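Colleague: One structure, pasted below without further comment.
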Amino acid sequence: MGRVAAPSPGSDTYKGWLFKWTNYIKGYQRRWFVLSNGLLSYYRTQAEMAHTCRGTINLATAHIDTEDACNIVLSSGGRTYHLKASTEVERQRWVTALELAKAKAIRMMNDQSDDSADEEPISQSDHSEIQGTLKTLASKLDDLSTCNDLIAKHGAALQRSLSELETLRVPLEGGEKIKAVNERATLFRITSNAMINACRDFLDLAESHSRRWQRVLQHEREQRTHLEETIEQLAKQHNSLERAWREAPAHAVNTPATPATDTGVSERPRKEEASDEDEDTEYFDAMEDSPAFITVTATDPSHHRLPSSPLNPKMKVIRFSTTLGSNDFSGKELQPHRKRRTQIPEKPNYSLNLWSIMKNCIGKELSKIPMPVNFNEPLSMLQRLTEDLEYHELLDKAARCENSLEQMCLVAAFSVSSYSTTVHRTAKPFNPLLGETYELDRLEEFGYRSICEQVSHHPPAAAHHVMSQRGWTLWQEITIASKFRGKYLSIMPLGVIHLQFHASGNHYVWRKVTSTVHNIIVGKLWIDQSGDIDIVNHRTKETCQLKFSPYSYFSREVPRKVTGVVKDSDSQAHYILSGTWDDKMESAKIMQSSRGSSSSEGKQKTVYQTLTPKLLWKKYPLPENAENMYCFSALALTLNEEEEGVCWTDSRLRPDQRLMEAGRWDEANVEKQRLEEKQRARRRRREAEASKAIDEGERRSKVQDGQDFESYMPLWFHQRTDGLTGETIYVYKGGYWEAKERQAWNMSPDIF
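Written out as structure tokens, the structure is:
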């Protein structure tokens, strides 16, 4: 068979005749094959190249195999080509060409994907490493070039010597041997040439990549410089705007306490509410884990929607008092016997870059990150937990309810109200020291007493107990799990909240949702609440499912939206709850339900016909000048107020927190480090006592008595198994208020 001369296997295009297996009748048939740009195509004749291609296989995904001296097998996907060369040398040329073409096709495919994707920034150290690698590569290629010259020189000499041997007269057997050696030498020369060509290609590719890397590096340097300049300009603009806002005297009078960003976000929902004034139908989003529903009011709901001006806080106060009056909800029923403080020292204007501290803490537990007081507010986590009682009158009213479903609505509103204080509170509360306590005695004013104790440090856990003379008791143990994710901070309160009403025995249980702090890197910090709350009345088996919708810039929904359904023990819906966690909650009694049309997701909606919604809860307006006092509510302003007779472990007496409230932040940071080191010293002392007990053989008897040297034993709470959830929680064991009456604090640890 005659063979058409083809370029060397290392070139971009390789052509020639091969035999291709067709079927068992015709066997192998002679075909013209063309290898170009990583594709192997074949034709019946060379003339067909202009108009008809019989088949093509992509070498980038192909597997190349050799069965015997002359056969080649190519397989890619579901296709397989069985090919045969006329000689072993010809087969080797094709195999070399195919392997090189496959490697080049894979390399080109990777280069294209690299070019289409976003190029990763290259640091100065990476650039130096690249330069060093390229120098080493160039040196190795010089060595290869030298070897190439030697191979070519010695290969040519060997070929000449073998040709001279063939011309000599030698026995027949010797001639055959010389011929075989000559073929092997030819094969060696072909392979060497292919290797040399591959090395040249590699050198060209390395040089081109070096130029591309240089361009990428230069581009990334320019982008980084531009980004740094942009962030610096944004920071300067932000500071200028903040100074202008603080210095403008008219602004504090004409605008509410809500920041400009929040006002801008909330303007759209107000426009949507205004556009719905004349409509008789009010729509609620479907909850993901419950049947979708639509509520249709039986009467015109426009009369209960009072207008509010986003620029007039006084009108908001009028709406608040008028609405509560119309719903027979009088707010604070007893006037305080003692005048509480209404302001604290204004927050100093210290500038500190949060990202400079947080960038090294990605993925870590927040409670284990040493943070300066500059990012705190002058309250501890125990005091923040006590703030859940700001709307305690909801529970007072619920205790008077004879209908358990109406009571469930008020309990649901109370569970939502605990988040209303967080909308502007982006500062971090102080982590309580182990054994730290906080009491809130409002027995004379509002009929309740509250006590908290930090029962664990890692993980941080606080136990809380509230007893009210108005017919209810609340207790909870909350463990805070927090993770910094780079752009945002997730705060996950773990634990169960219990609420029991004395008269009916109704026992409600629920858990908190996840809080997220956004814009950690750049921009204004803001907080969102998301997740579900399932409230269960374990006496009647009635339930309430609340859904906190996460904020989305592209959503047309009301920001901070909360929806819910109150159901009886037979899962029959009786009330629809709606509102926002930063403003108000309403309930609408269901009169009739029916199955509606299917939604776009394929779920069938339930249509509820309801009465006019009634207001359950409305947020109190923030005090005057709250934006300069950490955005504290009226209750929060009183939480750190000095009290006589409190235990010496009370958060009010914590020195670093007290210094921060007074505006002496540098001293507060020094004091904070001292307290934390003192706490570590106490832990080491407990561990040493445990080791000593083991050495003296006392540990066995101590364990038998129910004591353990290693673990900390809280003073006012002890661990018990929750009969409803089966979890082990800390519950109040009593004695605190009796000890306060006697001023017997000798058992309390010295933590400050």
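With the UniProt record's numbering applied, the sequence shown corresponds to residues 1 to 752, in that order. Every residue, glycine too, gets a C-beta built ideally from N, C-alpha and C. Computed from a prediction, not measured in an experiment: that's the story for all the values here.
Does the contact criterion of 3 or more C-beta pairs under 8 Å hold for the segment 132-151 versus the segment 202-211?
Modeller: In short, these stretches touch, since the Cβ pair count reaches three.
Colleague: For Y488, name the three-state secondary structure that DSSP assigns.
Modeller: Coil at Y488, not helix or strand.
Colleague: Who are the near neighbours of V423 in its chain, counting only those whose CB is closer than 7 Å to its CB and skipping five residues on each side?
Modeller: Only I527, D582 meet the Cβ criterion.
Colleague: Please list, in chain order, all residues of the same chain as L137 whose beta carbon is under 7 Å from its beta carbon, the five residues on each side excluded.
Modeller: Cβ neighbours of L137 beyond the five flanking positions: A206.
Colleague: Could you round the C-beta distance between G38 and K104 to whole angstroms and report it? I think they count as a contact, below 8 Å.
Modeller: Yes, they are in contact, since the Cβ atoms of G38 and K104 sit about 6 Å apart, within 8 Å.
Colleague: Sorted by chain position, which residues of the same chain lie with C-beta nearer than 6 Å to L499's C-beta, five sequence neighbours on each side aside?
Modeller: Correct list, in chain order: L474, Y508.
Colleague: Could you pull the start and end residues of the beta strand (DSSP E) that K567 belongs to?
Modeller: K567 -> beta strand (DSSP E) spans 561-567.
Colleague: Taking Cβ positions, are W716 and I478 nearer each other than 8 Å?
Modeller: For W716 and I478, no; Cβs fall outside 8 Å.
Colleague: What is the DSSP secondary structure of T610, reduced to helix, strand or coil?
Modeller: In the structure shown, T610 sits in a strand (DSSP, three-state: E or B).
Colleague: Could you tell me the distance, in whole angstroms, from the CA atom of P429 to the CA atom of Y438?
Modeller: Looking at the two C-alpha atoms, the distance is approximately 14 Å.
Colleague: Should the segment 637-648 be called in touch with the segment 739-752, which here means at least 3 C-beta pairs below 8 Å?
Modeller: Yes, the segment 637-648 touches the segment 739-752.
Colleague: Y736 lies in the beta strand (DSSP E); which residues open and close that run?
Modeller: Where Y736 is concerned, there is no enclosing beta strand (DSSP E), although the alpha helix (DSSP H) it sits in stretches over 736-742.
Colleague: Helix, strand or coil, according to DSSP, for K702 in the structure here?
Modeller: Note that K702 has pLDDT 48, beneath the 50 cutoff, so the model's placement of it is unreliable and the number below is only indicative. Three-state DSSP puts K702 in a helix.
Colleague: Please list the terminal residues of the continuous beta strand (DSSP E) segment that includes E377.
Modeller: From DSSP, the beta strand (DSSP E) with E377 extends over 376-380.
Colleague: Is the Cβ-Cβ distance between S192 and G132 less than 8 Å?
Modeller: No; because the gap between Cβ atoms is not below 8 Å, this pair is not in contact.
Colleague: V509 lies in the alpha helix (DSSP H); which residues open and close that run?
Modeller: First-last for V509: 507-510, but that is the beta strand (DSSP E), not the alpha helix (DSSP H).
Colleague: Taking 8 Å as the threshold (C-beta atoms), are M629 and Q223 in contact?
Modeller: It is not a contact, given that the beta carbons lie outside the stated cut-off.
Colleague: Checking contacts by CB at 8 Å: is M371 closer than that to chain B?
Modeller: Judged by its chain identifiers, the structure shown contains no chain B, having just a single protein chain.
Colleague: At the level of alpha carbons, what is the spacing between E176 and I190?
Modeller: C-alpha separation (whole angstroms): 21 Å.
Colleague: In this structure, does DSSP put T540 in helix, strand or coil?
Modeller: Residue state, collapsed to three classes: coil.
Colleague: Could you tell me which residues DSSP pairs with P493 in its beta bridges?
Modeller: Answer by DSSP bridge pairing, in chain order: I480.
Colleague: Let me know the secondary structure DSSP gives G523 once reduced to three states.
Modeller: It is coil, neither helix nor strand.
Colleague: Answer yes if the segment 400-409 comes into contact with the segment 565-577, meaning at least three C-beta pairs across the two stretches below 8 Å, and no otherwise.
Modeller: Verdict: yes, contact present.
Colleague: Three-state secondary structure (DSSP) at A441?
Modeller: Per the sequence shown, residue 441 should be read as Asp rather than Ala. Looking at D441 - three-state DSSP - the assignment turns out to be strand.
Colleague: Name the DSSP bridge partner or partners of R31?
Modeller: Answer by DSSP bridge pairing, in chain order: L18.
Colleague: Just to confirm the assignment, what range does the alpha helix (DSSP H) spanning P655 have?
Modeller: That run of the alpha helix (DSSP H) goes 655-661.
Colleague: According to the Cβ coordinates, are L217 and E387 closer than 8 Å?
Modeller: Not a contact, by the Cβ cut-off of 8 Å.
Colleague: Count the C-beta pairs between the segment 393-407 and the segment 665-673 that are closer than 8 Å, then say yes if the count reaches three, no if not.
Modeller: Judged by Cβ distances under 8 Å, the segment 393-407 makes no contact with the segment 665-673, as fewer than three pairs qualify.
Colleague: Using a Cβ-Cβ cut-off of 8 Å (strictly less than) and excluding sequence neighbours within five positions of T45, which residues of its own chain qualify?
Modeller: Once the five neighbours on either side are set aside, the close Cβ partners of T45 are W32.
Colleague: Tell me whether D582 sits in a helix, a strand or coil according to DSSP, three-state version.
Modeller: Three-state DSSP puts D582 in coil, outside helix and strand.
Colleague: Using a Cβ-Cβ cutoff of less than 7 Å, which residues in the same chain neighbour S490 once the five nearest sequence positions on both sides are dropped?
Modeller: Answer for S490: S482, K483, T514, T516, listed in chain order.
Colleague: Measure the beta-carbon distance from L168 to A185 and round it to whole angstroms, keeping in mind my assumption that it falls under 8 Å.
Modeller: About 16 Å; that fails the 8 Å criterion.
Colleague: For L382 versus A462, is the C-beta spacing smaller than 8 Å?
Modeller: Contact flag set, yes.
Colleague: Is there contact here, the segment 563-570 with the segment 529-546, by at least three beta-carbon pairs under 8 Å?
Modeller: At 8 Å Cβ cutoff, the stretches touch.
Colleague: Since S76 and A62 should fall inside the 8 Å C-beta cutoff, what is the C-beta to C-beta distance between them, to a whole number of angstroms?
Modeller: The pair is a contact, with the Cβ atoms about 4 Å apart (cut-off 8 Å).
Colleague: Per DSSP, K618 is paired with what?
Modeller: According to DSSP, K618 bridges with K584.
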